[in-house]
Amino acid sequence: MLALGAVTANGLCLELLNEEFRTDREVVQTAVFQEGAAMQFAPETLRRDLAFVLTVVSQSPSALEFVDKELVASHTGLSAVRSGEAIGLCGDYILMEEIGKGVYGSVTRARHTVSGEVVAIKKLHYDPEAWMDGVPAHALREVSLLRDFHHSNIVELKDILEISLQDFRLVFEYLPNDLHMVLRNFRRKGELMPIAQVQNYTACLMAGIFACHSRSLIHRDLKPQNVLVGHDGNLQIADFGLARVLASPLRCYTLDIVTLWYRAPEILLGAQRYGYEVDMWSVGCVISEMATGKPAFGGDSEIGTIFKIFALLGTPNENLWPEGTTLDHFKSRFPKFNGAGVESLLEVQPALDATGGLDLLSKLLCFDPKVRVTSRRANSHRFCVRIP
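Residues in the sequence shown are numbered consecutively from 1, following full-length UniProt numbering.
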């Protein structure tokens, strides 16, 4: 249809179409999706049609300026957007403010128009190449993994919103903070997180990762930014876009996983087959950061991170980690670090010793994946207790 093609290219072309096309619901919707101001050329019947208005305003908030004033006043969501209290609408949700943005999408705090429940809505960035065959794999993976996953330490997927072929959103339980924000606040005050709080958070984190591994699920991107914190102090693991169900026997997986500072040494050195152990290394990095106030291996590159690990644990050799010396990225010319040892963390947080934290970290931050403690064992470790 020529009319549809015209408004797809430029929504304001709606003004130039004859009445037959300007009253066509599909043509008008396409025009307004392209340019919110095209709503002014829509017939009055559509500007008073609540279902139509909610659909187009969710895509083009600027269209609200041309919606029937009485309709706006009678609808909580529309009036909130008009007054500036909200930034937009999405289905039955009022979008309040953007609270995060990443490679794959943005996250907005929202409120349900009827129940008033506050949620977090993740909108995926539309990439024509990645979406050529529909919703991208990482989004479908997250949905399939979380749809029936109910655990107090795993973020809850509440709803799925398919607004259009190019607009796919996930509705999650809302928690006000993430662990990165909590740690940043302690750093700003020049304080360390109390060891009891570290233990509480560790207990939550370990329970969550044990729940994942019990479902044969590797998260593959554990870091403070992906650990949400509620007002009650409960932690929830979030962002399962990189997660995988572990195949048996182990198969080759991508190496492009886990934010650099929390990436296991076997991944950094080129291992293509790996398992739950990569999550356990990441958990160790997060616990260390909570206890000491700074990332354990904050390198500015892969090699920088590798050398940070070597500085703590020593450079791998035939005695320390024989398999590590055979990995593709290991070089015999690497500097020979003696390794300060995990016990050096006591210089920053002495309380790790008496509470068992040092023992747990020594079992998590070890080179050999086969020796690294499992989530089942770590979950029952004496450091993983909730202290009132």
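Beta carbons are placed, not taken as given, at the ideal position from N, Cα and C, and that holds for glycine. A quick note: this is a predicted structure, and the numbers were derived from the prediction, not measured.
Per DSSP, the bridge partner or partners of residue i
i	result
D178	L228
G121	With the sequence shown as reference, residue 121 is identified as Ile, and Gly is not the correct amino acid for it. For I121, which the question treats as bridged, DSSP gives the partners T108, V171.
V245	L217
I99	Its beta-bridge partners do not exist; DSSP assigns none.
I94	L89, R111
First and last residue of the uninterrupted alpha helix (DSSP H) at residue i
i	result
E19	19-22
S380	Segment: none, S380 is in no alpha helix (DSSP H) and carries neither H nor E.
A354	351-355
L327	Unbroken run through L327: none, as it is neither H nor E.
P265	265-268
Alpha-carbon spacing of residue i relative to residue j, whole angstroms
i	j	result
D279	E98	29 angstroms
L89	V57	7 angstroms
F168	P224	26 angstroms
R382	Y174	30 angstroms
R377	V286	18 angstroms
residue 403	G356	Since the first and last residues shown for the chain are 1 and 388, residue 403 lies out of range.
A120	I87	14 angstroms
E191	S288	15 angstroms
S62	G36	5 angstroms
Q59	K308	46 angstroms
I237	S152	9 angstroms
H213	R48	51 angstroms
L157	F172	5 angstroms
G233	Y201	8 angstroms
S301	F334	15 angstroms
A196	V81	43 angstroms
H180	L312	23 angstroms
Inter-residue CB distance, residue i and residue j (contact presumed, cutoff 8 angstroms)
i	j	result
L50	R25	Not really, about 14 angstroms apart at Cβ, beyond 8 angstroms.
K101	L170	The Cβ separation is near 15 angstroms, so there is no contact.
G299	G339	With a Cβ gap of about 16 angstroms, G299 and G339 do not count as contacting.
A139	L161	The Cβ separation is near 12 angstroms, so there is no contact.
G304	F367	Wrong, their Cβ atoms sit about 18 angstroms apart, outside the cutoff.
L222	V283	6 angstroms
L228	V155	6 angstroms
E15	F33	Not quite, the Cβ-Cβ distance comes to about 16 angstroms (not below 8 angstroms), so this is no contact.
Start and end residues, beta strand (DSSP E) containing residue i
i	result
L235	235-237
| task | Enumerate, from N- to C-terminal direction, the unbroken alpha helix (DSSP H) stretches of 4 or more residues contained entirely within the region 273-311. | result | 277-292
| Contained alpha helix (DSSP H) runs [length at least 4] in the region 145-209, N- to C-terminal order | 179-188
| query | Which whole runs of the alpha helix (DSSP H) in the region 23-84 are 4 residues long or more, in chain order? | reply | 25-34, 44-47, 50-59, 69-74, 76-83
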